[in-house]
Amino acid sequence: MDWEPEKYHDEFQDNLKNLIQTKLEGGKIAEVEKPKKLAPVVDLMAALKQSLAEMEGKKKPAARAGREAAAGAKRSRRG
308 MDWEPEKYHD
318 EFQDNLKNLI
328 QTKLEGGKIA
338 EVEKPKKLAP
348 VVDLMAALKQ
358 SLAEMEGKKK
368 PAARAGREAA
378 AGAKRSRRG
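With the numbering used here, the residue at position 12 of the sequence shown is 319, and numbering never jumps.
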């Protein structure tokens with residue numbers, strides 16, 4: 308399957324050229340509607356800090372279990 312660039316048409320470039328031509332001729336330009344409601348902004352750093360604080364008490368047992376599982380996996384590969 309080859310890419311055939313002639314099958315595609317750059318509508319953005321055509322719209323931009325039409326907009327420029329309309330402005331040059333002094334015509335009216337349609338306003339674009341602004342979004343009515345923006346999505347809430349999430350503070351990722353605060354969420355990360357909260358998650359780390361919640362995991363602080365659970366950190367040591369999980370790390371130990373992880374090492375034991377890794378050691379077991381190594382033994383099973385060897386023999």
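Beta carbons: idealized from backbone N, C-alpha and C, even for Gly.
Fair warning: this is a prediction, and the values are worked out from it, not measured in the lab.
Could you give the first and the last residue of the continuous alpha helix (DSSP H) run that contains residue i?
| i | result |
| --- | --- |
| E361 | 351-362 |
| K324 | 318-331 |
Rounded to the nearest angstrom, how far is the Cβ of residue i from that of residue j, given a contact under 8 Å?
| i | j | result |
| --- | --- | --- |
| K330 | I336 | 7 Å |
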